[in-house]
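Chemist:
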Amino acid sequence: MTTVQTDAFTAEILRSYLVNTVKEMVITTTRTAYSTCFCHGEDFTCGIFDADGQMIAQDQGVGVHAGGLEGAIAAVIRQANGPWQPGDVYLHNDPYDGGTHQADVCVVRPMFADGRHVGFATNRGHWSDVGGMAPGGWSGVAQDVVQEGLLLPAVQLYDAGVLREDVRRMVLRNVRLKHQCWGDLQAQIASAIAAERRIQALVERNGMSGYEAAIDAAISYSRRRFLAAVERLPARAATGEDVMEDTATGEGPFPIRVRVEKQADGTVVADFAGTSPQALAPINCTYASTRAAVIGSLITMLDPDLPLNAGVTRLIDVRAPLGCMVNPTYPAPTFGTTADPAARAAEVVLRALSDLLPDRAVAGSYSTGQNATGGGQRPPEEGGEFLWYSYQAGGCGAFEGGDGNSAMWHIMANSKNESCEAWEARYPIRYQAFALREGSGGAGKWRGGLGTERRLEVEVPTRLSAISGHHDLEAHGLDGGQGGAPNGFELVRDGEQRRVQHVYDLASPSKFANLPLQAGDVFVSLQGGGGGIGDPRERDRAAVAADLQAGYITPEEARDVYGYQEEQHP
Amino acid sequence: MKVGCDVGGTFTDLVALGDDGVMRLGKALNSGTGPAEGTITALRAAGATPEDVTEFSHGTTTVTNLLIERTGAAVGLITTRGFRDILEIQYSFRERTFAAHYRKEPPLVPRHLRLEVGGRIERDGRESEPVDRDEIAAACRALLDAGVECLAVSLYNAYANPAHERVVAEVWRELAPDRPVTCATDVDARMGEYERVSTATLNASAVPAMRAYAEELRGAIDAPTLYMHSAGGVVTPPDAAERPIQLALSGPAAGVLAARQVARELGIADVITLDMGGTSCDVCLIRDGELRERDTFDVGFGVPARTRSIDISTVGAGGGSIGWMDAGGALQVGPRSAGALPGPACYGRGGTEPTVTDANLVLGILGGGGLLGGSLALDRDAAETALAGLGEQFGVDAVEMAKAMHQIVNANMAQAVRQVTVRHGIDPRSCALVAFGGAGGQHATGVAAELDMGTVIVPAHSSVLSAVGLLTADVRVSETRTLLAPVEAVGTPDVDAIFEELRGEAAARLAGTDVPDLLTERWVGLRYADQWHELAMPVAGDPASLAERFEAEHERRFGTRLADPVQAVDCWVTLVGLRPDVAIGEAASAEVAPPSAGASRELRLFGAEVPVVTREDLGTDGQIGPLLVEEGSTVTVIPPGRRAVLRAGHLVIEDDA
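Protein sequence lines, in the order shown, are assigned to chains A and B.
If you count the first sequence from 1, position 297 lands on 297 in the UniProt record's numbering, and the numbers rise without skipping.
If you count the second sequence from 1, position 367 lands on 367 in the UniProt record's numbering, and the numbers rise without skipping.
(1) Output yes if chain B places a C-beta closer than 7 Å to the C-beta of Asn405 of chain A; else output no.
(2) Have a look at A:Asp216, A:Val326, A:Arg351, A:Thr267 and flag the residue whose alpha-carbon is nearest the alpha-carbon of Met301 of chain A.
(3) Which same chain residues end up closer than 7 Å to Leu144 of chain B when comparing Cβ atoms and leaving out the 5 residues on each side of it in sequence?
(4) Could you compute how far the alpha carbon of Ala363 of chain A sits from the alpha carbon of Ala235 of chain A?
(5) At the level of alpha carbons, what is the spacing between residue 576 of chain A and Arg429 of chain B?
(6) In this structure, how does DSSP classify Thr10 of chain B when only helix, strand and coil are distinguished?
(7) Using only CA atoms, which one of B:Ala74, B:Ser57, B:Ala544, B:Gly328 lies nearest to Tyr227 of chain B?
(8) Taking C-beta pairs closer than 9 Å, name the residues in chain B that Ile411 of chain A reaches, listed in chain order.
(9) What do you get for Glu51 of chain B, buried or exposed, if any count of 16 or more other CB atoms within 10 angstroms of its CB means buried?
(10) Between the stretch 71-83 of chain B and chain A, which residues of the former have a C-beta closer than 7 Å to a C-beta of the latter?
(11) Determine, for Thr2 of chain A, whether the minimum Cβ-Cβ distance to residues of chain B falls below 7 Å.
(12) Distance, Cα to Cα, Val503 of chain A vs Thr71 of chain B?
(13) Since Arg360 of chain A meets chain B, which of its residues come closer than 8 Å, beta carbon to beta carbon?
(14) State the DSSP-derived secondary structure class of Pro580 of chain B, mapped to helix, strand or coil.
(15) Grouping DSSP H, G and I as helix and E and B as strand, with all else coil, what is His117 of chain A?
(16) With contact counted as at least three CB pairs below 8 Å, one residue from each stretch, are the stretch 448-458 of chain A and the stretch 508-522 of chain A in contact?
(17) Could you give the DSSP three-state label for Ile193 of chain A: helix, strand or coil?
(18) Answer yes or no: does any C-beta atom of chain A fall closer than 7 Å to that of Ile40 of chain B?
(19) Within 7 Å of any Cβ in chain A, is that where the Cβ of Ile89 of chain B sits?
(20) Compare the C-alpha of Leu291 of chain B against each of B:Phe98, B:Asp270, B:Ile245, B:Thr225 and name the closest.
(21) Where Asp295 of chain B and Leu546 of chain B are concerned, what is the direct C-alpha to C-alpha distance, given to the nearest angstrom?
(22) Going along the chain, which residues of the stretch 89-104 of chain A sit with their C-beta nearer than 9 Å to a C-beta in chain B?
(23) Does the beta carbon of Ser191 of chain A fall short of 6 Å from some heavy atom of the ligand PLP?
(24) Determine the direct distance from the alpha carbon of Gly334 of chain B to that of Gly320 of chain B, and round the result to whole angstroms.
(25) What's the call for Ala496 of chain A, buried or exposed, on a 16-neighbour Cβ count within 10 Å?
(26) So for Arg378 of chain A, helix, strand or coil by DSSP?
(27) Pick out whichever of A:Phe112, A:Trp84, A:Met111, A:Leu177 has its Cα sitting closest to the Cα of Glu103 of chain A.
(28) Asn81 of chain A versus chain B: which residues are under 9 Å apart at the beta carbon?
(29) Does DSSP classify Phe499 of chain B as helix, strand or coil?
(30) Taking only beta-carbon atoms, is Asp85 of chain B less than 7 Å away from chain A?
(31) Just curious, the beta strand (DSSP E) that Cys46 of chain A is in, first and last residue?
(32) Counting only the same chain and skipping the five closest in sequence on each side, list residues whose C-beta sits under 6 Å from that of Ala529 of chain B.
(33) Measure from the C-beta of Phe9 of chain A to each C-beta in chain B and report whether the shortest distance is under 7 Å.
(34) Anything in chain B within Cβ reach of Ile27 of chain A, meaning under 8 Å, just list it in chain order.
(35) Is it buried or exposed for Pro538 of chain B, if we count other Cβ within 10 angstroms and need 16 for buried?
(36) Within the continuous beta strand (DSSP E) that includes Lys511 of chain A, where are the two ends?
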């Protein structure tokens, strides 16, 4: 018995080695990549798979990639040109076949050890550009997927270690910033090579049986841990509902509905029946992103540090009718998927789970990327062409037992703020403020987090494009808690601050392309607040006083909503 | 005598070097009060008195602890209008993607103590709106009325022109001459408003405590004193007290410096250092004898301090690390540590949870003789009980549990080493492992085996190596400025003038000290114009060669050259005051042979009765393991088939070829 147990400990050490192999893929990528997306935003996710395409380990990376690498691996295995050779590399980004959106390009490379094909290493990363009608891809007005960029079903770039020049030429001929894209691609491949070397070292030290034992340990560990967590879910169904607000042409709202229920064997089913049919606008959520939204929301509620792999993902069954907004088919636009639609799909699942797990309940978050780009031309001596790309954190929902975070990403996205001063040094803009939005958090016993406000004075004529959402609708509160302030895009021109929508007479407040800003205009990006939980009048009085002192809430809100009387609580 | 004294998380380590060239080692458990008591206790343990001290070099975790525990002074903050929330917004980043129930760290300065004033500096340093002294005075008074003990000032674009920050500081000093003020540009003069304001507030919060600390130490040790900073140099007590943020990684830096010298004494260019103490393990790569710096580190909770430090990684693996079963039923060791109090179960100070030290005692790596020269006896029964308790959860006995904990903590450290080497793009097998710290020798060969590293070095005086490093650390003071100019500007009279100004500012910080052999280093941070990260390059020789040297370094590190222009992001001057080296290996140690030396012990790690020897017993040919090399406060495990020899005074473990 003792020997068996020692082996179990060894397997645990090897399991942790596999998880760390993926971490080393991440380090390798950031060390060698070119673009801001990779280096600063760390907008990529790494994973290793066994020879059958079963996920062994994945880093948490970006939320919208959670567990979403499996579909891409399956697509590549299904379409591969003949048997695997050491040094093969495939590219994949097909949004209808395991992909998120085209900008997220997956590199898939088989791993060989001891002369055998033992698995795959993969790296999904956000390229700076994949072609299409708008630089960087965020066109709020696209009506079909081909307008949004290059589609890569499963394309072999290296054949047994030899670069296929024709494929390289074809890919680079179809993207902007080809220099950056190729650099980032090489970083993705380097990370896959690093993983293969680690697996080879493991097999050399511990034999093929050690590798197999490590995979078993990894998968059974995560399965065991997930099943233990799932026991806390009651055996009943719960539902969640929200909407995609609108399109650039003014249609909408479009409902998204989910029903979540645990099965007797511990499997969790999330069924999106009743969700609106797909729209011919970039507000659809590809199946891989929908799956990621479900997986991410489940582990958020059950066990946020759970190592993701097939042991968990096999227990999560995501059902979405083909052709609906969360499982779109050709030619529905999908570029927005990683920003608003995935965040919204996560919101409906979190809502259902909050019903099932009241002690872990979370209210709604601002849940958008607030993706906006500004571009234009300056004289060459002043810097020539410019393009800035802004995506923003806002207020997150309160949770049972705690206030929501202010100025923080929702669970489907994550990125570090770039410095305002560095932006001023690089782009023709001048920051007037970057601040919390007072009073934007939803009132409640637990208060929603505050959103943020950025005030950007443009110094030269600038074309403004954006995809965002929930500019009229609030992030929802729970159990008597109030909603958080909506998101917004506004403009100060001639001393007057108005919605961008009203300045330009648009159908949508949040989706537009190529609006002509004038020098001196101030673009105001308002990230919404999170929803509150519970009756504001039940909020701890000392907490209300502190909120008031900090200016998180206004005196009127304190008095009228929280029922706070200063003289009684000095 | 010259004294190096390092106050760590669990122990105070001290070494006293007399004119006779003998190193006298002292170690004391931290008492948790001020610096004086532990220092004096350790000094007496080394057989010396405060009156014997002629030169005192000090490393301390005081600032680290104060920052992590947030026990600093109440800080008020003044910023430019529109930007007071930068400190609270932070990076908006979650380390754990799905931790929606995690609460972001509250800002060090609450919102009502962050006040805004008018005035604006533009990106080119031009003033577009003046500051109003009356408005500033009103803000200062409001903060004083609210009871703040010190002020941080961090204005927008001040990196380009600190004039407005200086006005605010002036007004504050008029109103509150006794309360410290930190201008952000004085502790971090570079672009990046969040890093600057974060660094400034952290610094301000530590000034009052560090002033008191320096004062108390001065009362106890009346000798010229220098403090270790995070980048591996020493500074004067006033500089340490006014810029405490530079001390935030003081402790680990000294050990790495000494390890670098050990490598030099052995003629080894590439080493990885492993400094394993009671609470954590610090890992650092030294390549071609050079240390790599980083400009920013995380004080915890994602809060940055932008102050130069040696690039050291820390993993929560130490003698006090606690073993536990996680939610998936797997064994984990650390990062929680039993620390000095209650300490490992075997210390008999109230600890009941099994720690790595308990495991090593049960495995026979540690003898019953005790630590701290025998003054801390180890209770094997208590260790077994603690391990058996955890073992019950896994269905194994105490010995199997101990083996598993020992292996897992080794695997954790090996993983930290792998990540460091991956980050720098090198193969650990090409490096030697230099292990030190109280627990370093107990795990060095195990970690090396995980990594297939051929050579392990356990230096002389390894249990207090950080203190040894303090004895020889050079004085280093740096001043930095943002340039944002094409690389070609470096070498022009304009940039030379900036370097001269910076040299003057650095020299002013050394005023009143007696530092011989002052050298001036000039540095620039270079990047391709569109990148976000820069590389530090020394400005030496012909400035025209800078771009080429940068591109060669970029290619070496990242495998590529780009067709883009090269930009000088910032520049800095480091003044270096050289201090004489001490030959670490040759210095005799006054440590007494432990009682178990010459005997043998059951080493359950390998299931064998093995000899226990001292370094001196190894002889010129060395001895082949399994065996244990034991000295006053260090035990080194020599596994079967590996040879331990003494070389240049250091214990070297190699394959028996």
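Idealized CB from N, CA, C, for every residue including glycine.
Modeler: In terms of the structure at hand:
(1) yes
(2) A:Arg351
(3) Leu175, Ala176
(4) 22 Å
(5) Nothing can be reported for residue 576 of chain A: it is not among the residues displayed for chain A, which extend from 1 to 570.
(6) coil
(7) B:Ser57
(8) Arg94, Thr97, Phe98, Ala99, Ala100
(9) exposed
(10) Gly82, Phe83
(11) Unreliable positioning characterises Thr2 of chain A in this predicted model, as indicated by a pLDDT of 31, which lies under 50. A coordinate reading is not provided.
(12) 50 Å
(13) His101
(14) coil
(15) strand
(16) yes
(17) helix
(18) no
(19) yes
(20) B:Asp270
(21) 20 Å
(22) none
(23) The ligand PLP is not part of this structure, which contains no ligands at all.
(24) 8 Å
(25) Sequence check: residue 496 of chain A is Glu here, not Ala. So Glu496 of chain A ends up on the exposed side.
(26) coil
(27) Correcting the residue type first, residue 103 of chain A is Ala in the shown sequence and not Glu. Looking at the Cα atoms, A:Leu177 is the closest of the given residues.
(28) Residues of chain B passing the Cβ test: none, with the nearest at roughly 28 Å.
(29) helix
(30) yes
(31) 44-50
(32) Asp564, Pro565, Gln567
(33) yes
(34) Gln419, Val422, Arg423
(35) exposed
(36) 511-517
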